[in-house]
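The listed protein sequences derive, respectively, from chains D and F.
Take the first sequence: its position 27, counting from 1, is numbered 27 in my numbering, and each next residue is one higher.
Residues are numbered in my numbering as their position in the second sequence, beginning at 1, plus a constant of 1000.
Note that beta-carbon positions come from the ideal geometry of N, C-alpha and C, so glycine has one too.
Computed from a prediction, not measured in an experiment: that's the story for all the values here.
Structure record follows, encoded as structure tokens.
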Amino acid sequence: MAPELRSNATVPALAIRIHSKQVVVDRKPFGVLGAIDLDVQHREIVAVVGTSGAGKTSLLRAVAGLDMAYDGEIRSFDSVITGPARERGLVFQEHRLMPWMTVANNVAYSLPSSDSRATMRDKVRGALELVGLDGFENAWPNQLSGGMSQRASLARALATAPEILLLDEPLGALDSLLRSQMQAELERLVLDQRLTAMLVTHDVDEAIVLADRVIVMAGPPGRVVAQIPVELARPRRPVDPGVQSLRSEILEHLHGQPVGARQSVAIGSDRTTVNLAAPSGAENDE
Amino acid sequence: MTLLRPEPAEVQHPEVRNATAPVFSVPAGDGEDRTTVFERAIGGLKWVIVPVGLVLTWHLAVETGAVPSTLVANPVDSVVRLFELTADGTIAEHVLASLRRILLGFTLGSIVGIVIGAIIGTSRAGARVLEPTALTLIPVPAVAWIPLLVVLFGIGEMSKVVLVSIGSATTLILATAAGVRGASRDLVEVANLYEKSRFTLFRTVLLPSAVPGIIASARVAMALSWTLLVAAEVIASANGLGWFIWDSRNFARPASMIAGMMVIGALGKLTDTALARLGAHLTRWNRSYGS
């Protein structure tokens, strides 16, 4: 990692200049992403919301370096992203732990093999403490609950001490109670560790509660239709008036039109109705 | 007013009450004890009924003359002979010869089978080169190799070890290839995310995915190995348990013949149990229906 870059706040942590990304579906070209021009500042938390097919996950995978098949260029602290790197940690929607490895070995999996055993042990212990999983080093993933599995997955991404944390609906599979609890933990973690974070989510409330800026995407082909700064004091709660008015604004962008009265009422009382904007909320976009 | 109250908490739904009962036990009706005097007397020994019945039938068949006692020994004589053969060291020689062949052949064959299966499963080029040949050879009954192997290697150790190897390898190739191919793309992506080498990907994702299937097939391979070994020893050998039971038949020693069969059965069970234990250890992370 490049420590001199940590202090350099003038260079954006991520400079995304994508012209397009196309795949072939049914022997016809299909535009997954359109032109996307987006900067993420150092230590900024951005949330990307959008309907299914808006290209949120495609964008995040491109930033992670897992998917390089696009036209354009993404720079991280001024170096072009050509593949995955440990300075960009990624948490998937599913925990994706190796079932045959203990929690400690799963967390250590993100570390380079050049690390000594002692270094690995320290980094693993530190990451597990961060997510509150200390004491579960020798547990098997199958023995963990959904929330604990996602914590272990987060610990794996954090063990490498990344500059940038990429989160692809990491709380999407959790129930709403656990979800709001984990949101608070995630917020504390990202702020304490002074991370730059990019969070893809279906949950507009989650986006507003966690992010400094909410990026609204629409598609296909995926493009940014709005960027809404969130200048509310932390910690935020979904019932705060400021959060509620931002939610209405974001939902209008998601629908591409003013939100009807019926939906506003429903949305005001129940956060799960966010799924109105994203009918297939439980599945992966791409 | 009291009529409107919900049911008191201690009145539970009948299904809830039985929630901790073992899945396969038949729940007894209220207050009714369905166990009979016989069941209580025999307790946890229900499993002995069938073997004891079989041995009794065998004994009576020989003693009543339904089966000529010159050709088939009764169970008592067979067990007595087993002790004699164990005491004078006769059986040890054959046990060692057979065990050596089977362990050598099975280990070699398993390694070859897992390596070929892994190549077919991981590499497209490897699959193109090896898979057609493998798919042609695998269905050939391994016993059909015996004449050729005897011609090539004679009746010494080599022919038996190679035969057992062929049986084990052909059994494990497909299980390994299928297991490796069945590995989760999501987990492979995790390996790619952390820039693991192809070998590390194989060691940490592909091979562990294949382990449950490999273990199941290894047990089949071990059973086949015993079949092949005994067949080969009957046909072409100068020692070993297969040779011993066939020799006992030829020289009209029915008790020795059956004692030899008992030893083969016991060793077969022993090797299977060892593999099952190994498998349980290697898949201790697994939480599936059967584990």
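Residue range of the unbroken alpha helix (DSSP H) whose run includes T1271 (chain F): 1254-1282
Collapsed DSSP secondary structure at R10 (chain D) in the structure displayed: Sequence check: residue 10 (chain D) is Thr here, not Arg. Looking at T10 (chain D) - three-state DSSP - the assignment turns out to be coil, as it is neither helix nor strand.
Length-filtered (4 minimum) alpha helix (DSSP H) runs lying within the stretch 152-213 of chain D: 176-192, 204-210
Own chain residues within Cβ distance below 7 Å of A155 (chain D), not counting five before or after: V107, A127, L128, L130, V131, L133
CB contact check: P235 (chain D) to chain F, cutoff 7 Å: no
Whether G1121 (chain F) touches A1169 (chain F) by CB criterion (7 Å): no
Proximity winner among D:A233, D:A218, D:D240, relative to H253 (chain D) (alpha-carbon distances): D:A218
Inter-residue spacing [alpha-carbon to alpha-carbon] between V1293 (chain F) and V124 (chain D): No statement about residue 1293 (chain F) is possible, as the shown extent of chain F runs from 1001 to 1291 and does not include it.
Closer than 7 Å at the beta carbon, the chain F residues around S110 (chain D): Y1194
Between the CA atoms of P170 (chain D) and D71 (chain D) - distance to the nearest angstrom: 27 Å
Chain-ordered chain F contacts of L154 (chain D) [CB-CB under 8 Å]: Chain F residues near L154 (chain D): none, gap ~14 Å exceeds 8 Å.
Start and end residues, beta strand (DSSP E) containing I1049 (chain F): Element bounds for I1049 (chain F): not the beta strand (DSSP E) but the alpha helix (DSSP H), 1049-1063.
C-alpha distance - L14 (chain D) paired with F77 (chain D), whole-angstrom precision: 6 Å
Helix, strand or coil at Q143 (chain D) [DSSP, three-state]: helix
Between the CA atoms of S1078 (chain F) and M1262 (chain F) - distance to the nearest angstrom: 9 Å
DSSP state of Q93 (chain D) mapped onto helix, strand, coil: coil
At least three beta-carbon pairs within less than 8 Å, the stretch 1269-1289 of chain F to the stretch 1197-1217 of chain F: yes
Listed by chain order, chain F residues near E94 (chain D) by CB distance under 8 Å: D1186
Euclidean distance between Cα positions of H202 (chain D) and V1220 (chain F): 49 Å
Alpha-carbon spacing of G1242 (chain F) relative to G1268 (chain F), whole angstroms: 13 Å
Residue interval of the beta strand (DSSP E) (run including E73 (chain D)): 71-76
Where V1180 (chain F) meets chain D, residues with beta-carbon distance less than 9 Å: In chain order: nothing, as chain D lies at least about 14 Å away.
As assigned by DSSP and simplified to three states, the class of D39 (chain D): strand
CB of I1102 (chain F) within 7 Å of CB of L1229 (chain F), strictly: yes
Residues of its chain near V1150 (chain F), where Cβ-Cβ distance is below 6 Å and the 5 sequence neighbours each way are ignored: S1159, A1236
C-alpha gap between N284 (chain D) and L210 (chain D), whole angstroms: In this prediction, N284 (chain D) has a pLDDT of 44, which is less than 50 and means its spatial position is unreliable; nothing more can be read from the coordinates.
Proximity test, Cβ basis, 7 Å: V1190 (chain F) and chain D: yes
Alpha helix (DSSP H) runs wholly inside the stretch 1072-1099 of chain F, at least 4 long, in chain order: 1075-1087
C-alpha distance - D115 (chain D) paired with I164 (chain D), whole-angstrom precision: 21 Å
Where R262 (chain D) falls: helix, strand or coil (DSSP): Legend: pLDDT at R262 (chain D) = 36, less than 50; position of this residue unreliable, value from coordinates given subsequently. Reduced to three states, the DSSP call for R262 (chain D) is helix.
Where the alpha helix (DSSP H) through L232 (chain D) begins and ends: Where L232 (chain D) is concerned, there is no enclosing alpha helix (DSSP H), given that its DSSP letter is neither H nor E.
Beta-carbon proximity check, L1206 (chain F) vs A1231 (chain F), cutoff 7 Å: no
is_contact[P1208 (chain F), chain D] using C-beta, thresh 7 Å: yes
Coarse secondary structure for I1138 (chain F), derived from DSSP in three states: coil
Other residues of its chain near L178 (chain D): CB distance less than 7 Å, five sequence neighbours each side excluded: G147
Range covered by the alpha helix (DSSP H) that runs through V1188 (chain F): 1185-1193
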